[in-house]
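The block underneath contains the structure these notes are about, expressed in structure tokens.
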Amino acid sequence: MLEIYDQQIAFYLPYTNIPVNWTIASTWIVMVVLMLVSWLATRHLKTGDKVSHWQTAMEVLIKGIYGQINEVTKSNPMTYLPFIGTLFIFIMTCNILTVIPIFKTPTASFSTTSALAFLVLLGIPFFGIKNAGLKNYLKKYLTPSPAMLPFNIFSELASTGAMAVRLFGNVLSGVIIGAICFMLVPIILPLPMQVLGLFTGMIQAYIFAILALMYISSVSAQEEAPVAGVEKKVPDDQEKNM
Amino acid sequence: MDLVAILGSVSIFTAGLCLAIGGFAVALGEGYAVACGLTALAQQPDEAGSISRTMFISLAIVETSGIYCFVVAMILLFANPFWQYAISAVAQ
Chain A
888 MLEIYDQQIA FYLPYTNIPV NWTIASTWIV MVVLMLVSWL ATRHLKTGDK
938 VSHWQTAMEV LIKGIYGQIN EVTKSNPMTY LPFIGTLFIF IMTCNILTVI
988 PIFKTPTASF STTSALAFLV LLGIPFFGIK NAGLKNYLKK YLTPSPAMLP
1038 FNIFSELAST GAMAVRLFGN VLSGVIIGAI CFMLVPIILP LPMQVLGLFT
1088 GMIQAYIFAI LALMYISSVS AQEEAPVAGV EKKVPDDQEK NM
Chain B
26 MDLVAILGSV SIFTAGLCLA IGGFAVALGE GYAVACGLTA LAQQPDEAGS
76 ISRTMFISLA IVETSGIYCF VVAMILLFAN PFWQYAISAV AQ
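In the order they appear, the protein sequences are chains A and B. For any residue, its number in this note's numbering is found by taking its place in the first sequence, counting from 1, and adding 887. For any residue, its number in this note's numbering is found by taking its place in the second sequence, counting from 1, and adding 25.
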């Protein structure tokens, strides 16, 4: 019953003998859906009173992500918006498409979620160095003392690994519960479970994006804090001296 | 009992125990977290966005151990790494 999509071959690439498993095939389906929708939505962009419904929906979505990032990081959201928004929209689409019964959602495969978490793991040094510089970023691993170096490194690996397992486990549990209910009573009973799965999927997409954002932005935010503290200390000393 | 029967029954029992303890503890912890979040929400309705966002994040972090239990139970039930070994040992 445990469906391991990595081992189920969807089709072979034409003219070659390379197998394509269901994880990759359904990821391609999601990519095609996303590209079609974004092409439709951004076809006739314009300003003014009369805009298309597609553009309004897209603006609501992007504005929502923008506002959330702004609230969490308190800095320019455009730094993080492309990465975080892509993660959120991709996972959200995958989790919404679970309501289609024959669709094998890519987020129920550990390969997809670990790949996404690996992207976040790469994003931590990328955004950290971009925001705080290489020296400040590396110094972060030596705080509060150099003895904490292995723990700091392990905590980053563990927290991103936990993100992968969390998304995978949540989506997989929804899929399995749906399958069990479908086996027992195939008429009405799977419906509330699928609605619950939709809700869980949306929450998980939100959680994944917010946690990725916090891990990515924490490096730069905590780097700025000691600098601000040093700057604040100087006037205090001057006041005491005076 | 041969090796396959012992391995099968122990795997099923352990999977059930794993889900029972993990689900119980995580449900208790999440219920407590939600209760505290709702209390804070009732006291400070203006901070609703911030409180609910923090609450959802901490719920997800608390839930991780429950998800670990679920994944371990699923591995024990459907992808047991010792299953092939037991079958080959019995066949010999």
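Backbone N, C-alpha and C define an ideal beta-carbon position, used for all residues, glycine too.
### Query
Taking the continuous beta strand (DSSP E) assigned at P857(A), which residues delimit it?
Any property of residue 857(A) remains undetermined from this structure, which presents chain A solely from 888 to 1129.
### Query
Does DSSP put E1118(A) in a helix, a strand or coil?
Confidence in E1118(A) is poor, its pLDDT being 44 and thus under 50, which makes the residue's placement too unreliable to answer from.
### Message
Taking 7 Å as the limit between beta carbons, can you name the residues of its chain near I1133(A), skipping five residues before and five after?
### Response
Here chain A has residues from 888 to 1129 only, and residue 1133(A) is not among them.
### Task
Determine which residues share a DSSP beta bridge with F898(A) and list them.
Bridge partners of F898(A): V907(A).
#### Entry: Short CB-CB distance (under 8 Å) between F107(B) and chain A
No, no contact with chain A.
### Task
Find the residues of chain B that neighbour T1052(A), judging by a C-beta separation of less than 9 Å, and give them in chain order.
Reading off the sequence shown, one finds Val at residue 1052(A), where the question assumed Thr. Per Cβ cutoff of 9 Å: T89, I92, Y93, V96.
### Task
For chain A, find out if any of its Cβ atoms is closer than 8 Å to the Cβ of A85(B); answer yes or no.
Judged by the 8 Å Cβ criterion, A85(B) is in contact with chain A.
### Query
Just by C-beta distance, which residues in the segment 1038-1063 of chain A are closer than 8 Å to chain B?
Listed by position along the chain: A1049, V1052, R1053, F1055, G1056, N1057, L1059, S1060, I1063.
### Query
Alpha carbon to alpha carbon, what distance is there between E88(B) and M1050(A)?
As the crow flies, the alpha-carbon of M1050(A) is around 11 Å from that of E88(B).
### Query
Going along the chain, which unbroken runs of the alpha helix (DSSP H) with 4 or more residues stay wholly within the segment 914-999 of chain A?
Runs found: 940-960, 968-983.
### Task
To the nearest angstrom, report how far apart Y892(A) and A67(B) are at their CA atoms.
Rounded to the nearest angstrom, the two C-alpha atoms are 45 Å apart.
### Query
Quick one, are the C-beta atoms of V40(B) and L102(B) less than 8 Å apart?
The sequence given here has Ala at residue 40(B), not Val. Yes; because the gap between Cβ atoms is below 8 Å, this pair is in contact.
### Message
For T992(A), count the other beta carbons within 10 Å of its own beta carbon; 16 or more makes it buried, fewer makes it exposed. Which is it?
### Response
Residue environment analysis places T992(A) among the buried positions, since at least 16 neighbouring C-beta atoms fall within 10 angstroms of its C-beta.
### Query
Count the other CB atoms within 10 Å of the CB of P988(A); is the residue buried (16 or more) or exposed (fewer)?
With fewer than 16 other beta carbons inside 10 angstroms of its own, P988(A) counts as exposed.
### Message
Would Y1093(A) pass as an interface residue toward chain B - the criterion being a Cβ-Cβ separation below 8 Å?
### Response
Yes, contact with chain B.
### Query
Going along the segment 72-84 of chain B in order, which residues come within less than 9 Å of chain A, judged by CB to CB distance?
Residues of the segment 72-84 of chain B with a C-beta atom less than 9 Å from some C-beta of chain A are G74, S75, R78, F81, I82, L84, listed in chain order.
#### Entry: Nearest neighbour of A45(B), chosen from G33(B), Y93(B), A116(B) [CA to CA]
Answer by Cα proximity: Y93(B).
### Query
Say the cut is 7 Å; is the CB of V1058(A) nearer than that to a heavy atom of the ligand GTP?
The ligand GTP is not part of this structure, which contains no ligands at all.
#### Entry: Boundaries (first-last residue) of the alpha helix (DSSP H) holding L1076(A)
No alpha helix (DSSP H) holds L1076(A); DSSP gives it neither H nor E.
### Query
Counting pairs of Cβ atoms below 8 Å between the segment 26-42 of chain B and the segment 103-117 of chain B, do you hit three or more?
Yes: at least three Cβ pairs fall under 8 Å.
### Exposure label - I1067(A); buried when at least 16 CB within 10 Å
Exposed is the call here.
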